[in-house]
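Inspection log for the structure reproduced underneath, given as structure tokens.
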Amino acid sequence: MTNGRTALRGIGVFALLGALVACAPAESRGEQRIIGWSVADDVLHMWVDTCNGDPAPEVVETDDDVTVTIVSTRRDPGDACQDVVEVALSEPLGHRTLIDGATGREPEPMEG
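Quick note: to get our numbering, add 36 to the position in the sequence shown (first position is 1).
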């Protein structure tokens with residue numbers, strides 16, 4: 037009888053651990069895709085799908101393009117909140133292309 041109770045306790049402990057892991061918030065820090073952007077003079081405004089993730093942009097400007105890589109902590113957004121990242125460029129974006137460093141592609145601008 038003792039072996040049966042020990043086995044049941046072991047199963048119960050594993051079930052409890054599994055439930056706790058499943059309920060833990062999923063967080064990961066890394067490069068995040070820019071989901072939208074706009075520009076006003078020499079300031080870029082970009083949105084990423086993180087929620088209070090402390091986004092940190094890295095900007096590389098050339099004559100032809102501006103590459104922005106945003107590292108942030110991805111959290112379960114709950115009410116679908118997003119982080120806004122503002123970057124002051126050395127000169128207006130003008131004819132240069134914005135490149136998302138996470139994807140290597142040009143992100144879609146925000147409508148409106």
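Cβ atoms here follow ideal geometry from the backbone N, Cα and C, with glycine treated the same way. What you are looking at is a predicted structure, and each value in this text was computed from that prediction instead of being measured.
For Gly140, the secondary structure class from DSSP, reduced to helix, strand or coil, is coil. The Cβ atoms of Ile135 and Glu142 lie closer than 8 Å to each other.
Straight through space, the alpha carbons of Arg111 and Val120 are spaced by roughly 15 Å. By the CB criterion at 8 Å, Asp90 and Ser108 fall inside the cutoff.
For Pro93, the three-state secondary structure derived from DSSP is strand. The three-state reading of DSSP puts Leu80 in strand, counting E and B together. When the beta-carbon positions are compared, Val96 and Val123 stay at least 8 Å from each other. For the 8 Å CB-CB criterion, Val102 and Pro93 do not form a contact. Counted as a single uninterrupted DSSP element, the beta strand (DSSP E) harbouring Thr103 occupies residues Asp101 to Arg110. The beta carbon of Val75 sits closer than 6 Å to the beta carbons of Leu129 from its chain, once the five residues preceding and following it are set aside; these are given in chain order. Scanning its chain for C-beta atoms nearer than 8 Å, with the 5 sequence neighbours on each side dropped, one finds around Gly72 the residues Met82, Trp83, Pro143, Glu144, Pro145 and Met146, in chain order.
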